[in-house]
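Residue numbers (UniProt numbering), protein chains in the order written: chain A, 1 to 245; chain D, 1 to 256.
Structure record follows, encoded as structure tokens.
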Amino acid sequence: MTYLHNIGTYFIMIKDIFRRPTKWSVMKPLILKDIDDLIIGSLGIVAFISFFVGGVVAIQTSLNMTSPIMPKYLVGFATRQSIILEFAPTFISIIMAGKVGSFITSSIGTMRVTEQIDALEVMGINAINYLVFPKFIALTLYPFVISIAMFLGILGGLIACVYGGYGTMEDYLEGVRLDFIPFHFIYAFLKTLVFAFLLATIPSYYGYFMKGGALEVGKASTTSFVWTSVMIILVNFLLTSLLLG
Amino acid sequence: MIEVKNLKKSFGANQILKGITTTFEKGQTNLIIGQSGSGKTVFLKCLLGLFEYEEGSISYEGKNFSQLTRDEKTNLRAEMGMVFQGSALFDSMTIAENVMFPLRMFTKQSKSEMEDRVDIVLKRVNLDDAHKKMPSEASGGMQKRVAIARAIVNRPKYLFCDEPNSGLDPKTAIVIDNLIQEITEEFDITTVINTHDMNSVMEIGKKIVFLKDGLKEWEGSRDTIFKTDNEAVTNFVYSSELFRRVRKMYLEDDAL
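Here's what the structure looks like:
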């Protein structure tokens with residue numbers, strides 16, 4: 001019953017995100033601030049993880065290709081497919097659920113605990129629009145982060161492959177170009193946009209509707225991370241079945 | 001003026017407000033007092049429109065709040081100022097930005113007009129040089145004064161204060177009390193203060209409503225509270241030896 005109540009409240013919150021919009025002159029700086037916090041602020045960790053995981057994928061693929069009849073370019077091919085189809089959109093989104101999701105839940109939750117949200121409501125401001133809409137708009141730029149993750153993942157694989165002695169640059173690049181299907185990009189970015197929506201709304205929900213004090217802010221952040229991750233995994237399965245199955 | 005008639009509010013089976021009727025007059029400080037759990041905060045949140053109530057009515061200058069349209073409620077809320085117990089300043093904004101916030105949200109003033117208004121209001125609460133400070137850099141008393149400045153910057157008709165003195169030293173508490181009273185009289189605002197602080201009751205209690213178990217047990221002023229023989233009020237207000245002595249002195253003077 002509680003789950004049904006929470007799901008209902010979540011969808012009402014989503015409707016309220018677009019109701020009674022805040023003045024553009026007030027909203028614009030909030031959106032720019034959230035782009036800085038959520039998108040620009042995440043580029044460092046995303047770049048670091050993508051580069052090294054790309055390298056690890058290339059090394060693992062190479063080490064597991066023991067048969068001499070398997071062509072060397074398969075390292076590049078497997079790295080590209082892993083990075084574009086799953087690692088960049090899904091794995092990075094799980095990491096972002098921890099980084100960005102916790103940030104959103106704790107910042108909104110702290111505003112709830114310190115009565116800042118009550119202050120907005122008393123002034124007659126639609127607090128959900130004021131707080132969540134800028135995050136929603138900022139995260140529409142999330143595919144930009146994922147495209148950087150894709151590029152750096154494949155680059156990391158190339159560098160690990162060439163400088164680790166697992167293959168030549170020509171073989172790797174041939175694999176990266178092999179049987180390229182443009183729809184895979186569409187599939188990856190469609191997933192990314194759906195994940196961006198989940199990343200903006202689920203943590204906001206847990207922050208906005210939390211009750212209690214500082215301890216509960218921490219608990220809400222953890223719960224938000226768990227549920228955002230669960231929903232990303234479930235939606236990933238659903239979208240993969242629908243679009244590639 | 002705010003008129004409350006037979007206000008009832010429950011949370012599940014637990015009835016918090018059991019039918020409160022009272023009025024809060026314009027241009028004076030109206031205090032709501034009572035023990036913890038008596039329903040003061042719920043009452044204040046009903047007045048602010050943060051809680052919906054099951055029965056009764058709250059009217060602002062004759063307009064019944066529950067019968068207003070969404071836009072009318074939004075317009076009415078723009079006429080309300082609120083000072084929260086913990087100040088509730090936006091911690092991502094400077095003090096000046098906090099005070100300017102209602103102007104940015106509800107007016108079409110130019111930036112220079114808004115800055116001028118912020119200067120006037122911050123000067124009024126004796127914070128002329130704190131514009132660029134962040135709330136975290138301000139003391140509790142300063143934060144309360146910023147909260148008052150933010151509450152009055154848009155020239156509200158109604159000012160609500162939830163425990164404005166909590167966590168403040170007695171001297172700062174008196175400064176805040178006097179500031180609220182002066183602003184109320186100066187701008188002819190209907191002010192409602194929720195308090196536990198008996199000093200506030202004695203200093204600025206032009207009208208006092210005493211709540212007990214979700215009902216209005218007594219109402220009067222700081223003068224009549226000395227003379228009342230209502231046991232619940234005397235047990236609450238004169239629970240300390242100091243206030244019992246003050247009352248005794250007042251009654252002796254009055255008798256003479």
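Think of the CB as a built atom: it goes at the ideal place given N, C-alpha and C, for glycine as much as any other residue.
| Whose C-beta lies closer than 6 Å to the C-beta of aspartate 197/D among residues of the same chain, with five residues either side of it excluded? | Once the five neighbours on either side are set aside, the close Cβ partners of aspartate 197/D are Asn165.
| request: With a threshold of 16 other CB atoms inside 10 Å of the CB of asparagine 14/D, please say whether the residue is buried or exposed. | output: Asparagine 14/D comes out exposed.
| Beta-ladder partner(s) of threonine 29/D, from DSSP | Thr191/D.
| Own chain, CB closer than 8 Å to proline 170/D, minus 5 neighbours either side, in chain order | Only Asn199 meet the Cβ criterion.
| query | Going along chain A, which residues have a C-beta under 7 Å from phenylalanine 90/D? | reply | Simply Gln116.
| message | Using only the alpha-carbon positions, how far apart do leucine 190/A and threonine 79/A sit? | response | Their backbone Cα atoms lie some 20 Å apart in a straight line.
| Close Cβ partners of leucine 43/A (< 7 Å) along its chain, the five nearest in sequence each way excluded | Counting only Cβ-Cβ distances below 7 Å, and skipping sequence neighbours, we find Val145, Ile148.
| Where in the region 19-77 of chain D do unbroken runs of the alpha helix (DSSP H), each at least 4 residues long, occur, reported from the N-terminal end onward? | Assignment of alpha helix (DSSP H) within the region 19-77 of chain D, counting only whole runs of 4 or more residues, yields 40-47, 70-77 in chain order.
| task | Starting from lysine 5/D, follow its DSSP beta bridges and name the residues at the other end. | result | BP columns for lysine 5/D point to Ser57/D.
| query | According to DSSP, is glutamate 219/D helix, strand or coil? | reply | DSSP places glutamate 219/D in strand when its eight states are reduced to three.
| field | Burial state of glutamate 55/D, where buried means 16 or more other Cβ atoms lie within 10 Å | value | Within a 10 Å sphere around the beta-carbon of glutamate 55/D sit fewer than 16 other beta-carbons, which makes this residue exposed.
| What span of residues does the alpha helix (DSSP H) with lysine 227/D cover, start to end? | Element bounds for lysine 227/D: 224-227.
| tyrosine 163/A, DSSP secondary structure in three states | Tyrosine 163/A falls in the helix class under three-state DSSP.
| query | Listing by chain order, which chain A residues have their CB less than 7 Å from the CB of glycine 86/D? | reply | Simply Thr114, Glu115.
| Under a CB-based cut-off of 8 Å, is glutamate 121/A close to chain D? | Yes, glutamate 121/A lies at the interface with chain D (some Cβ there is under 8 Å from its Cβ).
| message | Could you give the first and the last residue of the continuous alpha helix (DSSP H) run that contains glycine 141/D? | response | Taken as a continuous stretch (DSSP letters only), the alpha helix (DSSP H) holding glycine 141/D covers 140-152.
| request: Select from Met96/A, Ala138/A, Asp16/A the residue whose C-alpha is nearest the C-alpha of alanine 47/A. | output: With distances taken between Cα atoms, alanine 47/A lies closest to Met96/A.
| Helix, strand or coil for tyrosine 206/A per DSSP? | Looking at tyrosine 206/A - three-state DSSP - the assignment turns out to be helix.
| Taking the alpha carbon of alanine 88/A as the point to measure from, which residue in Phe52/A, Ser62/A, Phe11/A, Ser67/A has its own alpha carbon closest? | With distances taken between Cα atoms, alanine 88/A lies closest to Phe52/A.
| query | What's the C-alpha gap between serine 93/A and phenylalanine 11/D? | reply | Looking at the two C-alpha atoms, the distance is approximately 40 Å.
| request: Rounded to whole angstroms, what's the CA-CA distance from alanine 232/D to alanine 200/A? Just pull it up for me. | output: When rounded, the separation of the alpha-carbon atoms in alanine 232/D and alanine 200/A is 51 Å.
| said: Only counting the same chain, and skipping five residues up and downstream in sequence, which positions put a Cβ closer than 8 Å to that of isoleucine 16/D? | reply: Excluding sequence neighbours, isoleucine 16/D sits near Lys9, Ser10, Gly39, Val42, Gly214.
| task | Can you grab the Cα-Cα spacing for the pair glutamine 60/A / alanine 96/D, in whole Å? | result | Our two residues, glutamine 60/A and alanine 96/D, have alpha carbons roughly 57 Å apart in a direct line.
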